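Per my numbering, the very first residue in the sequence shown carries number 1; after that it's consecutive.
Notes for the one structure printed next.
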Amino acid sequence: MQHINSVLITGASSGIGRALALECAGSGTTLHLSGRDPARLDDTARECQARGAEVRAVVLDVRDAAAMAGWIGGAGRLDLVVANAGIGAGIEDGRPEPEAQVRAIFATNLDGVLNTVLPALAAMAAQQPGPGGVRGRIAVVASIAAFIPASAAPSYCAAKSAADAWTVATARAARGQGVWLTSVCPGYIRTAMTAANRFPMPGLMDADRAARIMLRGVLAGRVRVTFPWWLGAVARVAALLPPRLTGMLMATQPGKAAAAST
Ligand SMILES: NC(=O)c1ccc[n+]([C@@H]2O[C@H](COP(=O)([O-])OP(=O)(O)OC[C@H]3O[C@@H](n4cnc5c(N)ncnc54)[C@H](OP(=O)(O)O)[C@@H]3O)[C@@H](O)[C@H]2O)c1
């Protein structure tokens with residue numbers, strides 16, 4: 001892996017964020033990690049330290065814009081920032097999505113991303129350029145759910161769609177400032193988020209493999225990294241249908257587990 005000296009990751013206490021931290025951990029690397037659960041965050045930090053990384057871990061809620069700006073602005077030079085923290089929840093039996101769930105998902109999966117990326121963009125634009133004129137790289141963990149408005153998970157799909165579209169649309173202007181933005185759209189990854197799913201998950205892969213694919217794409221400077229590619233293609237094609245047909249098709253597919261892990 002191309003060497004990156006300083007990495008900041010939200011949601012490092014579990015799943016993909018933890019796997020990313022471990023993948024980046026190594027001698028000479030400084031990791032700035034955050035999450036909400038102190039014990040699990042500490043566990044990730046210890047494993048990264050055991051691999052030789054210097055770790056600065058903080059318990060932080062991505063919904064707290066001021067605290068996020070303070071953390072990111074005070075981190076020093078950052079080569080890579082990953083806006084990974086997120087929650088997943090769907091609805092069952094065609095019932096309306098509860099307001100508290102709608103608001104929690106948008107606050108975490110969209111505002112939380114902006115609370116990470118906006119201060120990171122500002123900080124990186126002020127950094128000295130590194131090799132190839134790159135001042136820094138930012139990855140937003142969206143989802144293949146961004147490509148299709150599934151009625152079983154309305155807010156999750158909508159928030160991921162907004163996060164993906166905003167990231168891709170912002171990438172050009174960011175690159176003009178020397179900052180490379182990537183939207184990462186994974187399919188099903190084996191983490192706490194998918195553990196409650198009781199339906200087939202095509203292409204399900206382990207978090208450590210997903211982390212390697214993500215980092216490879218981000219370091220290659222890709223604006224969007226979608227994997228597995230064929231699941232992304234299926235979602236794109238299904239979304240091309242008239243909404244009524246997409247809805248009928250998606251109604252045959254089970255959604256995310258209903259309970260919001262907020
Ligand atoms: N698993 C999949 O199949 C899949 C597929 C596509 C995209 N994704 C996306 O990948 C990202 C990581 O998910 P995962 O699968 O690794 O799930 P996970 O194991 O449940 O991890 C979620 C992480 O986000 C953190 N988090 C949640 N809300 C937070 C908040 N308000 N403030 C700070 N941290 C918060 C959690 O911290 P605590 O546990 O400490 O609260 C945890 O570290 C999410 O954005 C998810 O939508 C997942």
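Backbone N, C-alpha and C define an ideal beta-carbon position, used for all residues, glycine too.
Note that this is a predicted model, so its numbers are computed, not measured.
S143: beta carbon under 7 Å from a heavy atom of ligand 1?
-> On the sequence shown, position 143 is the one that residue 143 refers to. In this structure, the C-beta of S143 approaches ligand 1 to less than 7 Å from one of its heavy atoms.
How about V223 and M214: do their beta carbons lie closer than 8 Å?
-> Here residue 223 is taken as the residue at index 223 of the sequence shown, counted from 1. Here residue 214 is taken as the residue at index 214 of the sequence shown, counted from 1. The answer is no: Cβ separation not under 8 Å.
If I'm right that E47 touches L31 with Cβ under 8 Å, what's the distance once you round it to whole angstroms?
-> Looking up residue 47 in the sequence shown gives position 47. Looking up residue 31 in the sequence shown gives position 31. The Cβ separation is near 11 Å, so there is no contact.
Can the beta-carbon of A142 be found closer than 8 Å to that of A125?
-> In the sequence shown, the residue the question calls residue 142 occupies position 142. In the sequence shown, the residue the question calls residue 125 occupies position 125. No, these two residues do not count as a Cβ contact at 8 Å.
Name, in chain order, the residues that DSSP records as bridge partners for C185.
-> For the purposes of this step, residue 185 is identified with residue 185 of the sequence shown, where counting begins at 1. Residue pairing for C185: DSSP places it in a beta bridge opposite T226.
Using 10 angstroms around the beta-carbon of G133, count the other beta-carbons present and answer buried if the total reaches 16, otherwise exposed.
-> Your numbering for residue 133 matches position 133 in the sequence shown. Exposed.
In the structure shown, what three-state DSSP assignment does T29 receive?
-> The residue given as residue 29 occupies position 29 in the sequence shown. Three-state DSSP puts T29 in coil, outside helix and strand.
Where does A171 fall in DSSP's three states?
-> As a first step, residue 171 is located in the sequence shown; it is residue number 171 there, counting from the start. Here A171 sits in helix by DSSP.
Sequence-distant residues of its chain with Cβ nearer than 6 Å to D208 (five each side left out) | Within the sequence shown, numbered from 1, the residue matching residue 208 stands at position 208. The residues are A19.
Through-space distance from P98 to R198, alpha-carbon basis = Position 198 of the sequence shown, counting from 1, holds the residue named residue 198. Position 98 of the sequence shown, counting from 1, holds the residue named residue 98. When only Cα atoms are considered, R198 and P98 end up about 21 Å apart.
Of the choices I91, A210 and V59, whose alpha-carbon is the least far from that of Y156?
-> Taking the sequence shown and counting its residues from 1, one reaches residue 156 at position 156. Of the listed residues, the one whose Cα sits closest to Y156 is I91.
Proximity test, T167 beta-carbon vs ligand 1 heavy atom, cut-off 7 Å | As a first step, residue 167 must be located in the sequence shown, where it is residue number 167. No, the beta carbon of T167 sits no closer than 7 Å to any heavy atom of ligand 1.
Beta carbon of G11 nearer than 8 Å to that of G35 = Residue numbering aside, residue 11 sits at position 11 when the sequence shown is read from its first letter. Residue numbering aside, residue 35 sits at position 35 when the sequence shown is read from its first letter. G11 is a Cβ neighbour of G35, given a cutoff of 8 Å.
Where does M205 sit, in a helix, a strand or coil, going by DSSP?
-> Within the sequence shown, numbered from 1, the residue matching residue 205 stands at position 205. Correct three-state label for M205: strand.
Going by beta carbon distance, what residues of the same chain come within less than 7 Å of A75, once the five residues before and after it are set aside?
-> Indexing the sequence shown from 1 puts residue 75 at position 75. The residues are L8 and H32.
Taking DSSP as the reference, what is the three-state secondary structure of E54?
-> Reading the sequence shown from its first residue, position 54 is the one you call residue 54. In this structure, E54 counts as strand in the three-state DSSP scheme.
Return the chain-ordered list of same chain residues with a C-beta closer than 6 Å to the C-beta of A120, the five sequence neighbours on each side being excluded.
-> Position 120 of the sequence shown, counted from the start, is the residue given in the question as residue 120. Excluding sequence neighbours, A120 sits near I72, V81 and I138.
Is T194 near ligand 1, going by C-beta to nearest heavy atom under 7 Å?
-> Taking the first residue of the sequence shown as position 1, residue 194 is located at position 194. True, at least one ligand heavy atom lies under 7 Å from that Cβ.
Heavy atom of ligand 2 less than 7 Å from the Cβ of G112, yes or no?
-> The model on display carries ligand 1 but not ligand 2.
Under the DSSP definition of a beta bridge, which residues are partnered with W180?
-> The residue labelled residue 180 in the question sits at position 180 within the sequence shown. DSSP lists R137 as partners of W180.
My guess is that A83 and A53 are in contact by the Cβ rule of under 8 Å, so how many angstroms apart are they, rounded?
-> Taking the sequence shown and counting its residues from 1, the one referred to as residue 83 is at position 83. Taking the sequence shown and counting its residues from 1, the one referred to as residue 53 is at position 53. Wrong, their Cβ atoms sit about 20 Å apart, outside the cutoff.
Own chain residues within Cβ distance below 6 Å of A159, not counting five before or after | Here the question's residue 159 lines up with position 159 in the sequence shown. Cβ neighbours of A159 beyond the five flanking positions: I105, F106, N109 and L110.
Quick one: what's got a C-beta closer than 7 Å to T170's C-beta in the same chain, skipping five residues either side?
-> Translated into positions along the sequence shown, residue 170 becomes position 170. Within the same chain, T170 has close Cβ partners L181.
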